[in-house]
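In UniProt numbering, the protein residues as written are 1 to 102.
Next comes the structure, spelled out in structure tokens:
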């Protein structure tokens, strides 16, 4: 039995952050191959009071023989979540758009 594939309407695809399966696969590959670069690119889309240092952007250790297990993201970076969620969008002309349905 064949698989059914449902494709999104092209007008929705054009407006979406990831507009194609090819783009999704490229982003996924980058997130696996170079996670620090992938997340640094995502972080550039937001406001930072104190940006993350490139040398401290992403570090991890999952090997107990190399020391304590840890994951550190954007060590030392600070932001204003209210600005990123609301103020920035109003400033960009999206103030009349619904941000969240309850």
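Quick reminder that beta carbons are idealized off the backbone N, C-alpha and C, glycines included.
According to DSSP, simplified to helix, strand and coil, what is residue i?
| i | result |
| --- | --- |
| residue 58 | strand |
| residue 91 | helix |
| residue 22 | helix |
| residue 6 | coil |
| residue 98 | coil |
Would a C-beta distance cut-off of 7 Å place residue i and residue j closer than the cut-off?
| i | j | result |
| --- | --- | --- |
| residue 38 | residue 44 | no |
| residue 102 | residue 77 | no |
| residue 40 | residue 62 | no |
Span of the alpha helix (DSSP H) holding residue i?
| i | result |
| --- | --- |
| residue 39 | 35 to 43 |
| residue 11 | 10 to 15 |
Along the beta strand (DSSP E) that carries residue i, what are the first and last residues, could you check?
| i | result |
| --- | --- |
| residue 72 | 70 to 73 |
From the DSSP output, read off the bridge partner residues of residue i.
| i | result |
| --- | --- |
| residue 78 | 50 |
message: Quick test of the definition: if touching needs 3 or more C-beta pairs under 8 Å, does the segment 54 to 68 touch the segment 81 to 88?
response: no
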